[in-house]
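To keep things clear, I will list the structure first and then write my remarks on it.
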Amino acid sequence: MIMKNLLIIFLILFGSSQAFSFVILIDPGHGGKELGAVKSYSVKDSKGRQKKITVYEKNLSLRLAKYLQASLLNEFSVYLTRSFDRTVDLDDRASMADTVKADLFISIHFNSANSSEFHGFETYYLDNHKDKAIEKVESIENKDLKGEDKIINQILIDLVVGKTVNSSKKLAGLVHGNIGKNIKSFKRKDRGIKPGLFYVLALSKRPGVLIEAGFMSNPRELSKLNSDSYLKAYAKGIAQGIKEFYKTSPKREIPLF
Ligand SMILES: [Zn+2]
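Heads up: the sequence shown runs through residues 5 to 261, numbered per my numbering.
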């Protein structure tokens, strides 16, 4: 109960100040003791010495989420599942969708692989699939959920997929296409739109997408991801996709059950 009250206070303090009828909940991945990926790249300082810069996914996701929030505030009610560095369980993130009556749920992440060769950006929507490569991404992003919940969630996933997949796939297409246009000058590889079983998307019970905005495990790519110009351009792309979705979709497709 105390947690629930605290949550509402957080939302009032850090949520949207203007009331628009269409509500977007942005979910910056990880936070607090959940660091997400932690990777480094090197730069030369002014004296030509190598300097190592270490980047935390939880910080990058929050930066991108805040740029996205700023790009959407003039047209929508926009909330964040966390607006500073704190630990939030996956199910608490998802339940905020009910608290703020969200129409869309946008989860922000950055990719990581064992090899530093992988690079590029991809956009996921909730759907079933049999792709081993995608399972690796899922296992990373679903890690913050407690073990016993995973069995129950397969049933929920099937229900939510049935009700959201058309909207989520359309949203993913619009968002991804606009990201590609906006970050063109950064010359990143377009890895496409993919189905994924992400618990945070299923538990939110909303049409939504999970963004993987680039590979932190590739030092060259990480140096771009860690720049405000990349994050701003990326946020602008997501925002344009959401705006196009809003203009072309029937309102209130929230699957409440
Ligand atoms: Zn992540």
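A virtual CB, placed ideally from N, CA and C, is assigned to each residue, including glycine. Quantities reported herein were computed from a predicted structural model and do not represent experimental measurements.
Taken through DSSP and simplified to helix, strand or coil, Asn118 comes out as coil. A Cβ-Cβ separation of about 5 Å places Arg90 in contact with Gly36 under the 8 Å criterion. As the crow flies, the alpha-carbon of Lys193 is around 24 Å from that of Ile30. Relative to the non-hydrogen atoms of ligand 1, the Cβ of Ile138 never comes closer than 7 Å to any of them.
Secondary structure at Ile187: coil, using DSSP grouped into helix, strand and coil. When C-beta atoms of the segment 116 to 125 are compared with those of the segment 210 to 222, three or more pairs fall below 8 Å, so the two segments count as touching.
Nearest neighbour of Val141 by Cα position, chosen from Asn63, Leu214 and Val82, turns out to be Leu214.
The alpha-carbon of Ser143 is positioned some 10 Å away from that of Ala137.
Counting along the chain, the unbroken beta strand (DSSP E) around Thr58 starts and ends at Gln54 to Tyr60. Annotation for Ser75: Ala239, Lys240 and Ala243 place their beta carbon closer than 7 Å to its own, counting only its chain and skipping 5 residues before and after.
Shown here, Leu149 sits in coil according to DSSP, grouped into three states, outside any helix or strand.
For Glu225, the secondary structure class from DSSP, reduced to helix, strand or coil, is helix. The beta carbons of Arg210 and Asp107 sit closer together than 8 Å.
With a threshold of 7 Å, the Cβ atom of His180 does not count as near ligand 1, since no heavy atom of the ligand is closer than that. Within the segment 67 to 108, the runs of alpha helix (DSSP H) that reach at least 4 residues and sit entirely inside it are, in chain order, 94 to 103. Setting aside the 5 residues that flank it on each side, Ser116 is surrounded in the same chain by Ala41, Met220 and Ser221, each with a C-beta closer than 6 Å to its C-beta; the list follows chain order. Going by DSSP, Leu39 is part of no beta strand (DSSP E) at all; its letter is neither H nor E.
Relative to the non-hydrogen atoms of ligand 1, the Cβ of Gly218 never comes closer than 7 Å to any of them. Near ligand 1, meaning a Cβ closer than 7 Å to any of its heavy atoms, lie the following residues in chain order: Gly33, His34, Gly40, Ala41, Glu61, Ser65, His113, Phe114, Ile144 and Glu145. Within a 10 Å sphere around the beta-carbon of Gln73 sit 16 or more other beta-carbons, which makes this residue buried.
Taking the CA atoms as reference points, Asn63 sits about 12 Å from Asp232. DSSP places Ser65 within a helical segment (H, G or I) once states are collapsed to three. Classified as buried, Phe109 has 16 or more neighbouring CB atoms from the shown chains inside 10 Å of its CB. In the three-state reduction of the DSSP assignment, His180 falls in the helix class, which pools H, G and I. The three-state reading of DSSP puts Asp162 in helix, counting H, G and I together.
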